[in-house]
Each structure stands twice: as structure tokens, then as C-alpha cells.
Amino acid sequence: MAHPSRATREYRSAVREQRAAQTRAAILDAARQLFRSGGFAATTVNAIAERAGVSAPTVYATFGSKASVARAIVEQIEESSRAAHWRNRIAHESDPHVILHAFAQWTAEFFSASIPELTLASELTAEASTMVAEGNARRRDALTALVGRLADHAALRPGLSQREAVDRVWMLTGIEMYVNAVQGCGWPIAHYVSWLSETLAQQILDRGATS
39 MAHPSRATRE YRSAVREQRA AQTRAAILDA ARQLFRSGGF AATTVNAIAE RAGVSAPTVY
99 ATFGSKASVA RAIVEQIEES SRAAHWRNRI AHESDPHVIL HAFAQWTAEF FSASIPELTL
159 ASELTAEAST MVAEGNARRR DALTALVGRL ADHAALRPGL SQREAVDRVW MLTGIEMYVN
219 AVQGCGWPIA HYVSWLSETL AQQILDRGAT S
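For any residue, its number in my numbering is found by taking its place in the sequence shown, counting from 1, and adding 38.
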């Protein structure tokens, strides 16, 4: 009996990987729709499977749990939030005020496009507490890099450590602040961006920094 050639095996492997990716995408799309319409707690794995056109065991085999599906959705949002565009834009700016304004625009764009998914954390059980911690760690890393860039330009206010600067940016750019401003106070996105940019500058920049 002839054995499959290497090319045949590689082709079959590629097909399997493509199908697995399609299945994963279908599950994430279905879950995102259901989480948006009914919330995390009310959405069952069976409902996700039915919407995605797969079996519940397939959902478990692909992700392990409903909480892991939610984690993957948040990671997908982070990856597709034009992060590369905004990082590139910030990297090519030298004016600290322009850097902070661009960061404020990125923050607003990210939250406005994904607020239903990001507020899943308020519904998650202890099973998914690591998801929240992981997201917080990624955000903290990003803010540390941002503040480090400003420090490289000697733009931080005198006496303010990079650690405290990160703390201040962390508090001001949290999702709760966005929700309070845009949903609670009814601010337009542009108003939020302007306020955030101005407040960040007041809190962490040297008053003599370029503006």
C-alpha cells in the first residue's frame, strides 16, 4: 500500500488548519453576537454551538470553556483595534502633547467599538478572573511603554516618577471613566478625547514640554 507523499500530507495538514481556523472564527463570531444581545451569563455553550453551526463538544474542544471563548473575543478585539496604526503614529511623533492626543483618540476608538465585549468582566465569574488580570497586565505594559517614550523626551513633570505617571494614566484611561463620560454624562466622543488628552497632559507632562 502506497503511503501519502510529503506534499499530500502537507496539503491535508493545511486543509485541517484552515478548517480549524474557520471553525474558531465561526464560534467567536457567534459568541460575540450572543454576548452582545443576551449577556455572558445568559449565553450557553449550546447556544453558541447552534449559532456557529457546530456541536457543543466542538466548542469545548476548541476553547475549553465559555470563559475562554470570552477571553479569545477580548484578545481578538485588542488585535483588530488598529493597534499597529496607532502605535506607528505615536512612534513617529516627538511632541508629547501630540502623542497624548493620539493616545486619547486610540483609547476612545477602542472603547467605542467594543464596549459591550469589554464590559463582560462585570458578569464574569471567578472562572474567568484570570482573563481580567491578563487584560489589565497587557494594558499596564502598553501604558508603561507610552510613559517611557515620554520620559525619553524628558517630558514628564519634575518629581513625577515613571511608575506614578503610569498609575495616573492607568486610572484616567480605564473603561469606567469612558463609560461615565460617554454614557453617563452623554459626552460626544470628540469631547471625551479632548478632555482625556488635556487631563493626561495636566497630570503627567512638564509644563515646559512642547505644545
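Here a beta-carbon is modelled for each residue, glycine too, at the ideal position from N, C-alpha and C.
Its Cα nearest to that of R176, the residue W208 stands out among S152, W208, A151, S199. The shortest C-alpha to C-alpha distance from E116 to any of A94, A64, W144 is the one to W144. Annotated as distal: E155 and A122, with beta-carbon spacing of 9 Å or more. Secondary structure of L234 (DSSP, three-state): helix. Per the C-alpha coordinates, the member of F101, L184, A94 positioned closest to R62 is F101.
With a 10 Å radius around the Cβ and a threshold of 16 neighbouring Cβ atoms, V53 comes out exposed. The count of Cβ pairs closer than 8 Å, one atom from the stretch 228-236 and one from the stretch 183-201, stays below three, leaving the stretches out of contact. Annotation: the continuous alpha helix (DSSP H) that includes V83 extends over 83-90.
One thing to note: V112 has its Cβ no nearer than 9 Å to the Cβ of I65.
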